[in-house]
Amino acid sequence: MKLTLNGQNETLENETLTIEELLKIKDVKMPEMVTVEHNGEILDRAAFATTAVKEGDTLEFLYFMGGGSH
Amino acid sequence: MKIKRDVYKAMIQHAIDLKPIESCGYLAGTPTEINRFYPMTNTDQSAEHFMFDPKEQFQVVKEARANGLKLVSVYHSHPESPARLSEEDIKLLNDPEMIYIIVSLREATPAVKAYQIRKPNEDTIEIDRVELTII
């Protein structure tokens, strides 16, 4: 499967996989803190396990960014 | 890590302008030099917390990439506390590749410190100071 991940062309051996599986394959640390944009739409984290990645999809991974002074 | 003087000054000015709210932003450049500042919206609008807007994050990462830059650092201000990582910072800042800069406005002269945080497993947190060299 060919897709665009964080602006880079990627070829995966998988025929089908979910966002959650893709995060594992790409060895993304702390995946529960990652925000995913799938074909221009920001996904709910609850949908990671059920959203299928398809040939030609465009994905962006970003870490949730927040903090505080205490 | 080197940082351009105008970027460094713009970051501090952003923090001063938004005080008492915590300010935040991305810094972009190369693996060894920061040369672009992207002020970001603190969606919390709080004096004690900050949170990026994911939509704005995706816009900025794409803009930086289009300009051949990489997002290498995240800054936020501590309007009333020192330039150290808070417990909340250590808990919530999870990108192992980012350099986290804190601008403290507690004293009359702003203090700036930078850190890298790695969490190799659930029980281990490694924090390193990163020296910023203004160029």
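Protein sequences appear in the order of chains A and B. Counting from 1, position 57 in the first sequence corresponds to residue 57 in our numbering; the numbering is continuous, with no gaps. Counting from 1, position 20 in the second sequence corresponds to residue 1020 in our numbering; the numbering is continuous, with no gaps. All C-beta atoms in this analysis are idealised placements derived from N, C-alpha and C, irrespective of residue type, glycine included. Keep in mind the model is a prediction, meaning the values are calculated, not measured.
Simplified DSSP assignment, three categories, for residue i
{"i": "Leu1018/B", "result": "helix"}
{"i": "Pro31/A", "result": "helix"}
{"i": "Phe1037/B", "result": "strand"}
{"i": "Lys54/A", "result": "coil"}
{"i": "Met1011/B", "result": "helix"}
{"i": "Arg1084/B", "result": "coil"}
{"i": "Arg1106/B", "result": "coil"}
{"i": "Ala49/A", "result": "coil"}
{"i": "Asp1006/B", "result": "helix"}
{"i": "Phe61/A", "result": "strand"}
Option nearest residue i by Cα separation, candidates the options
{"i": "Asn6/A", "options": "Ser69/A, Thr16/A, Met30/A, Tyr63/A", "result": "Tyr63/A"}
{"i": "Gly1029/B", "options": "Asp1053/B, Ser1023/B, Tyr1038/B", "result": "Tyr1038/B"}
{"i": "Lys1119/B", "options": "Lys1091/B, His1049/B, Pro1031/B, Glu1080/B", "result": "Lys1091/B"}
{"i": "Glu20/A", "options": "Gly67/A, Gly66/A, Ala52/A", "result": "Ala52/A"}
{"i": "Gly66/A", "options": "Arg1065/B, Ser1077/B, Val1072/B, Ala1064/B", "result": "Ser1077/B"}
{"i": "Glu1088/B", "options": "Lys1055/B, Tyr1026/B, Thr1043/B, Phe1050/B", "result": "Phe1050/B"}
{"i": "Gly72/A", "options": "Ile1003/B, Lys1055/B, Leu1027/B, Ile1016/B", "result": "The structure shown does not extend to residue 72/A, since chain A is modelled only from 1 through 70, so no value can be given for it."}
{"i": "Glu1151/B", "options": "Val1130/B, Ile1003/B, Val1061/B", "result": "Outside the shown range of chain B (1001 to 1135) lies residue 1151/B, about which nothing can therefore be said."}
Under 9 Å between C-beta atoms of residue i and residue j
{"i": "Arg1036/B", "j": "Val1007/B", "result": "yes"}
{"i": "Leu1093/B", "j": "Leu1105/B", "result": "no"}
{"i": "Leu23/A", "j": "Phe61/A", "result": "yes"}
{"i": "Ile1102/B", "j": "Tyr1115/B", "result": "yes"}
{"i": "Thr18/A", "j": "Thr50/A", "result": "yes"}
Range of the contiguous alpha helix (DSSP H) that encloses residue i
{"i": "Lys1062/B", "result": "1054-1066"}
{"i": "Asp1089/B", "result": "1087-1092"}
{"i": "Glu20/A", "result": "19-25"}
Terminal residues of the beta strand (DSSP E) in which residue i lies
{"i": "Ile1135/B", "result": "Counting along the chain, Ile1135/B falls outside any beta strand (DSSP E), and DSSP gives it neither H nor E."}
{"i": "His1078/B", "result": "1070-1078"}
{"i": "Gln1116/B", "result": "1111-1121"}
{"i": "Asn9/A", "result": "8-11"}
{"i": "Lys1050/B", "result": "The sequence given here places Phe at residue 1050/B; Lys does not occur at that position. It spans 1049-1051 - the beta strand (DSSP E) in which Phe1050/B sits, taken as one unbroken run."}
{"i": "Leu3/A", "result": "2-5"}
{"i": "Gly1029/B", "result": "1024-1030"}
Stretch pair the stretch 22-32 of chain A + the stretch 1010-1029 of chain B: three plus CB contacts closer than 8 Å: no
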